[in-house]
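S.K.:
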Amino acid sequence: MTTSTTPLVGLLRSRYSVRKFLPTPLSPTDIQGVLEDAQTSPSNSNTQPWSVHVASGAARDAISAGMLQAYEENRTSADFTHGYGDGRYAERAQRHGATLYEALGVARSDVEGRSDVVRDNLRFYGAPHAAFLFMPVLGDGVRTAGDIGMYAQTFLLSLTARGFHGIPQTVLGMYADVVRDVLGVPEDLKLLFGISFGTADPEAKVNDLRMHRLPVEQSVVLHDTPA
Numbered sequence: 001m002t003t004s005t006t007p008l009v010g011l012l013r014s015r016y017s018v019r020k021f022l023p024t025p026l027s028p029t030d031i032q033g034v035l036e037d038a039q040t041s042p043s044n045s046n047t048q049p050w051s052v053h054v055a056s057g058a059a060r061d062a063i064s065a066g067m068l069q070a071y072e073e074n075r076t077s078a079d080f081t082h083g084y085g086d087g088r089y090a091e092r093a094q095r096h097g098a099t100l101y102e103a104l105g106v107a108r109s110d111v112e113g114r115s116d117v118v119r120d121n122l123r124f125y126g127a128p129h130a131a132f133l134f135m136p137v138l139g140d141g142v143r144t145a146g147d148i149g150m151y152a153q154t155f156l157l158s159l160t161a162r163g164f165h166g167i168p169q170t171v172l173g174m175y176a177d178v179v180r181d182v183l184g185v186p187e188d189l190k191l192l193f194g195i196s197f198g199t200a201d202p203e204a205k206v207n208d209l210r211m212h213r214l215p216v217e218q219s220v221v222l223h224d225t226p227a
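Anchor point for the sequence shown: position 116 equals 116 in the UniProt record's numbering, and the numbering is continuous, going up by one each time.
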């Protein structure tokens, strides 16, 4: 029986979502390296359906400004529905929110404080770059979205391996029209979500936060498989 592990195991278990970045941009070489790593991701019948737009500098700032304005006007433009139902998944999402707000020192009754947390999302948590993951609608879109998820995971792990950090943000997909307008993305490509990325601020306490993971036994059923 083998008990050895590879560096990948440490990489998988050290990745975490960053919510406060330094403004320092990645070099073009580093960004290209991450993109080339992500391009190796598997996909259904090798369709490689991801269409990824990376925004930095003025483009990043224009998207952030547009999303913030849309937020203040209570105007969203999501390409996909959003929700967690009323069972275990909603409970997990609520637990996630409570954990995050507690770490940020924002009380449940603090309506403006909670709004500021959303605004921080729309400022990409200060990250110098944001990758927007668009997809074509093929069939019901489920398999395509799964492919995008595998691309995103490879992208995030490549950042970690290179000493950088990222956070996938569903909320960015709530303002798809803003992103399309700024970047000139055609309507037939739908925004699933975005990833803010850069270098974590080592002084930010919120970056010490690690979210709970379920025991394997609550997610996996083994059938005639050795435990």
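Positions of the beta carbon are idealized from the N, C-alpha and C atoms, including for glycine. Fair warning: this is a prediction, and the values are worked out from it, not measured in the lab.
If you draw a straight line from the C-alpha of V216 to the C-alpha of D30, how long is it?
M.R.: Answer to the nearest angstrom: the Cα atoms are 34 Å apart.
S.K.: For V54, which residues does DSSP report across the bridge?
M.R.: A131.
S.K.: In angstroms with no decimal places, state the Cα-to-Cα distance between A90 and H82.
M.R.: Distance between the alpha carbons of A90 and H82 is about 12 Å.
S.K.: Of all the alpha helix (DSSP H) runs that stay within the bounds of the segment 94 to 158, which reach a length of 4 or more residues?
M.R.: With a minimum length of 4 residues, the continuous alpha helix (DSSP H) runs that stay inside the segment 94 to 158 are 111 to 122.
S.K.: What residue does the alpha helix (DSSP H) around G194 start on, and which one ends it?
M.R.: No alpha helix (DSSP H) contains G194, which is instead part of the beta strand (DSSP E) from 189 to 200.
S.K.: Please confirm whether I167 and S17 have their CB atoms less than 7 Å apart.
M.R.: It is a contact, given that the beta carbons lie within the stated cut-off.
S.K.: Hey, L122 and M174: beta-carbon distance below 7 Å or not?
M.R.: No, Cβ-Cβ distance for L122 and M174 is not below 7 Å.
S.K.: Taking 7 Å as the limit between beta carbons, can you name the residues of its chain near P41, skipping five residues before and five after?
M.R.: Looking at the sequence itself, residue 41 is Ser, so the reference to Pro does not match. So the list reads M150, Y151, T154, once near-sequence residues are dropped.
S.K.: Relative to the alpha-carbon of L22, which residue among D177, L191, H129, L133 has its alpha-carbon at the smallest distance?
M.R.: Closest option to L22, Cα to Cα, is H129.
S.K.: Below 7 Å CB to CB, which residues in the same chain sit around N207 once its five sequence neighbours on both sides are set aside?
M.R.: Taken in chain order, the residues that qualify are V18, R19, K20, A200, D201.
S.K.: Identify whether Y71 lies in helix, strand or coil by the three-state DSSP scheme.
M.R.: DSSP places Y71 in helix when its eight states are reduced to three.
S.K.: Under the DSSP definition of a beta bridge, which residues are partnered with H165?
M.R.: Bridge partners of H165: G198.
S.K.: Can you give the Cα-Cα distance for D79 and L192, rounded to whole angstroms?
M.R.: Those two C-alpha atoms are separated by around 7 Å.
S.K.: The alpha helix (DSSP H) with S77 in it runs from where to where?
M.R.: No alpha helix (DSSP H) contains S77, which DSSP labels as neither H nor E.
S.K.: DSSP puts L22 in a beta bridge; with which residues?
M.R.: T199.
S.K.: Can you have a look at Y84 and say buried or exposed, based on whether 16 or more other CB atoms are within 10 angstroms of its CB?
M.R.: The residue in question, Y84, is exposed, as its Cβ has fewer than 16 Cβ neighbours within 10 Å.
S.K.: DSSP has S17 in a bridge; who is on the other side?
M.R.: S17 pairs with G166.
S.K.: What residue range is occupied by the uninterrupted alpha helix (DSSP H) comprising A38?
M.R.: From DSSP, the alpha helix (DSSP H) with A38 extends over 28 to 38.
S.K.: With a cut-off of 8 Å on the beta carbons, I'd call D49 and L138 a contact; round off their distance for me.
M.R.: One detail in the question is off: residue 49 reads as Pro in this sequence, not Asp. Yes, they are in contact, since the Cβ atoms of P49 and L138 sit about 7 Å apart, within 8 Å.
S.K.: Checking 7 Å against the spacing of the C-beta atoms, do F132 and L159 come in under that value?
M.R.: Contact flag unset, no.
S.K.: Could you tell me the alpha carbon to alpha carbon distance between E73 and R95, rounded to whole angstroms?
M.R.: Going by the C-alpha atoms only, they are around 28 Å apart.
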